[in-house]
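Below is one structure, written out as structure tokens; the observations come after it.
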Ligand code: 9MR
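Numbering (our numbering), first residue to last: 3 to 382.
Written out as structure tokens, the structure reads:
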């Protein structure tokens, strides 16, 4: 008899504790946003993604939903390149670029312009220019028109893309050859700074972890600084693999660029998981290896990644982001080159028709182990 009330009391207390816990969980969820990349790294650096035409046109709702949830910066994968935006001397095509900028503004994102001067995806009419005066006025018209149009709206410009050879010497692009040297780089940065004094101006290239190429970047940066021309950042593209580059090489470049007085961004991050027949590195788009197409040895994960490969990718991303966090004071932005694995250019390069898995989200927009390993760094 005497035990009965206390048993009832215990049940009531237990029930009230259960209700309380439930309430707390509901309340906490209501105030703390869902975990996302952009939220987790908001005090460290921006988290971006390159987006394609369908994402700009918002025809793929799952893709846009993920973009909005996870990322706070965007880069146009192809739609602001010269051949797209300025296909003929007197014709500019701003339709998609306008939509791109509007999408970024709608979502309060850091908007990157990619890219003003690049030897690749260049309109054919520019490749035919043969005298320096015409090239100089062409560069001027191009930059003034585009940077001017988006003044105050595009936050960062990749002003010059891939102007260096692997040994750090100047690439003999049509700009270099016709202008008679690297002075076209000075012109480009000067014009961009004048057309939008508030935009951040970046030199962007691949393999910038390489010590020889690093010297080339430092030469460009120092030359601009010595001449009083504004440059705000170096964009390390970061088309990497499971094995390389080493963290040490990456770190040495971060430190070297930061010591030169510019910020570092990782502008095109992806990590290939597929075999690479000739130790190909970087992103020289001219290279491609048709003889390996349809070779199953070269395409080991045509349906999905094995668990072992998922874990390997997760460990690689964890190590990379650990390094980024260590140097967060020097790093402005980390942009992935695509939203999910299905969007990646690495499904078609250097061998066409493969199934690569280089990003944090799989083809169904599901976060991979690599996503969790990156987010877990912020939970520790
Ligand atoms: O991802 C882009 C791919 O869709 C294009 O076919 C390719 C053509 O050159 O360019 C890719 O993006 C490149 C970027 O603009 C500059 N760095 C290397 C990237 C991968 O090639």
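Note that CB positions come from ideal geometry on N, CA and C, so glycine has one too.
Could you tell me whether the Cβ atoms of residue 59 and residue 101 are closer together than 8 angstroms? Cβ atoms of residue 59 and residue 101: closer than 8 angstroms.
Give me the Cα-Cα distance between residue 227 and residue 174, rounded to the nearest whole angstrom. Distance between the alpha carbons of residue 227 and residue 174 is about 23 angstroms.
What residues match up with residue 49 in a beta bridge as DSSP calls it? Residue 49 pairs with 336.
Cβ-based neighbour list, residue 131, same chain, cut-off 8 angstroms, excluding 5 preceding and 5 following: Within its own chain, the residues whose Cβ lies closer than 8 angstroms to the Cβ of residue 131, once the five positions on either side in sequence are excluded, are 137, 140, 176, 180, listed in chain order.
Does the Cβ-Cβ distance between residue 203 and residue 233 come in under 8 angstroms? Yes.
Determine the closest residue to residue 231 out of 320, 185, 363, with distance taken between C-alpha atoms. The alpha carbon of residue 231 has as its nearest neighbour, out of 320, 185, 363, the alpha carbon of 185.
For the beta strand (DSSP E) containing residue 270, name the first residue and the last one. Per DSSP, the continuous beta strand (DSSP E) segment holding residue 270 begins and ends at 265-274.
Quick check on DSSP: helix, strand or coil for residue 148? Note: residue 148 maps to helix in three-state DSSP.
Environment of residue 261 [buried if 16+ CB atoms lie within 10 Å]: Exposed: under 16 other Cβ atoms inside 10 Å.
Where does residue 330 fall in DSSP's three states? In this structure, residue 330 counts as coil in the three-state DSSP scheme.
What does the Cβ neighbour count give for residue 295, buried or exposed, with the cut at 16 atoms within 10 Å? Its Cβ having fewer than 16 others within 10 Å, residue 295 is exposed.
Looking at residue 116 and the ligand 9MR, is the gap between the Cβ and the nearest heavy atom below 7 angstroms? Distances between the C-beta of residue 116 and the heavy atoms of the ligand 9MR include at least one below 7 angstroms.
Just the C-alpha distance for residue 342 and residue 359, rounded to the nearest angstrom, thanks. A direct Cα-to-Cα measurement between residue 342 and residue 359 gives close to 8 angstroms.
Closer than 8 angstroms by C-beta to residue 23: which residues in its own chain qualify, once you throw out the five before and the five after it? Chain order, please. Because the pLDDT of residue 23 is 38, which lies under 50, any placement of that residue in the model is unreliable, and the number read from its coordinates should be weighed accordingly. Setting aside the 5 residues that flank it on each side, residue 23 has no residue in the same chain whose C-beta is closer than 8 angstroms to its C-beta.
Bridge-paired residues (DSSP) for residue 112: Beta-bridge analysis with DSSP links residue 112 to 75.
With residue 204 as the anchor, note down where its alpha helix (DSSP H) starts and where it stops. Counting along the chain, residue 204 sits inside no alpha helix (DSSP H); it lies in the beta strand (DSSP E) bounded by residues 202-207.
Do residue 303 and residue 376 have their CB atoms nearer than 8 angstroms? Cβ atoms of residue 303 and residue 376: not closer than 8 angstroms.
From the beta carbon of residue 213, is the nearest beta carbon of chain C less than 8 angstroms away? You won't find chain C in this structure, because it holds only one protein chain.
In chain order, what residues of the same chain lie with their CB nearer than 7 angstroms to the CB of residue 191, ignoring the 5 residues before and after it? Closer than 7 angstroms at the Cβ level, and outside the excluded window around residue 191, lie 161, 203, 226, 231, 232, 233.
Which class does residue 126 belong to by DSSP, given the choice of helix, strand or coil? In this structure, residue 126 counts as helix in the three-state DSSP scheme.
Using a 10 Å radius around the Cβ and a threshold of 16 neighbouring Cβ atoms, would you call residue 305 buried or exposed? By the 10 Å Cβ count, residue 305 comes out exposed.
With distances taken from CA atoms, which of 214, 339, 356, 265 is nearest residue 273? From the listed residues 214, 339, 356, 265, the smallest Cα separation to residue 273 is found for 339.
Given residue 207 as reference, the closest of 172, 297, 381, 145 once Cα atoms are compared: In terms of Cα proximity to residue 207, the closest of 172, 297, 381, 145 is 172.
I need the straight-line Cα distance from residue 330 to residue 378, nearest angstrom please. Approximately 17 angstroms between the Cα atoms of the pair.
Who are the Cβ neighbours of residue 242 in its own chain at under 6 angstroms, not counting the five residues just before and after it? The residues are 273.
Three Cβ pairs or more, each shorter than 8 angstroms: is that satisfied between the segment 73-86 and the segment 363-375? Touching, no.
Segment limits, beta strand (DSSP E) that includes residue 234: Unbroken run through residue 234: none, as it is neither H nor E.
What does DSSP give as the partner residues of residue 90 in its beta bridges? According to DSSP, residue 90 bridges with 93.
Quick check: is any heavy atom of the ligand 9MR less than 7 angstroms from the C-beta of residue 129? Not so, every heavy atom of the ligand 9MR lies at least 7 angstroms from the Cβ.
With a threshold of 7 angstroms, establish whether the CB of residue 239 neighbours any heavy atom of the ligand 9MR. Correct: residue 239 has its Cβ closer than 7 angstroms to the ligand 9MR.
Residue 111 versus residue 51: straight-line alpha-carbon distance, rounded: Rounded to the nearest angstrom, the two C-alpha atoms are 11 angstroms apart.
According to DSSP, is residue 19 part of a helix, a strand, or is it coil? Note that residue 19 scores 43 on pLDDT, short of 50, meaning its location in the model is unreliable; the coordinates nonetheless yield the value given after this. If DSSP states are grouped into helix, strand and coil, residue 19 belongs with the helices.
So for residue 379, helix, strand or coil by DSSP? It is coil, neither helix nor strand.
So, for residue 193: in the same chain, excluding its five sequence neighbours on each side, which residues have a beta-carbon less than 8 angstroms away from its beta-carbon? 141, 142, 145, 146, 149, listed in sequence order.
What does a CB cutoff of less than 8 angstroms around residue 189 pick up in its chain, not counting 5 residues either side in sequence? 138, 141, 142, 181.
My guess is that residue 215 and residue 209 are in contact by the Cβ rule of under 8 angstroms, so how many angstroms apart are they, rounded? Contact annotation, residue 215 with residue 209: C-beta distance approximately 5 angstroms; criterion of less than 8 angstroms satisfied.
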